[in-house]
Amino acid sequence: MIKPPPNLLKLPLFERATMALKAAVENAIEEHAREGLPMYIWRDGQVVAVPAEELRMKS
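So the number in my numbering is just where the residue sits in the sequence shown, counting from 1, plus 472.
Put into structure tokens, the structure is as follows:
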């Protein structure tokens with residue numbers, strides 16, 4: 473988990489939004505890996521299923 477900086481509220485909104493999005497993606501990947509579910513991503517112009525085993529290796 474990404475720990476927020478102590479001056480979080482002083483950061484520009486776009487930086488806080490980027491941090492929140494990265495944390496949400498990290499949580500979604502961990503949850504799919506834990507549950508054994510594939511994650512669907514956009515790769516090279518098409519939707520691809522990434523197996524849970526591959527997610528476990530990367531998380």
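Here a beta-carbon is modelled for each residue, glycine too, at the ideal position from N, C-alpha and C.
At the C-beta level, Ala500 and Tyr512 stay beyond 8 angstroms of one another.
Judged by DSSP secondary structure, Leu493 falls within the alpha helix (DSSP H) whose first and last residues are 485 to 507. Going by beta carbons, Pro510 and Ala496 fall outside the 8 angstroms limit. CA-CA distance, Ala489 to Glu503, rounds to 21 angstroms.
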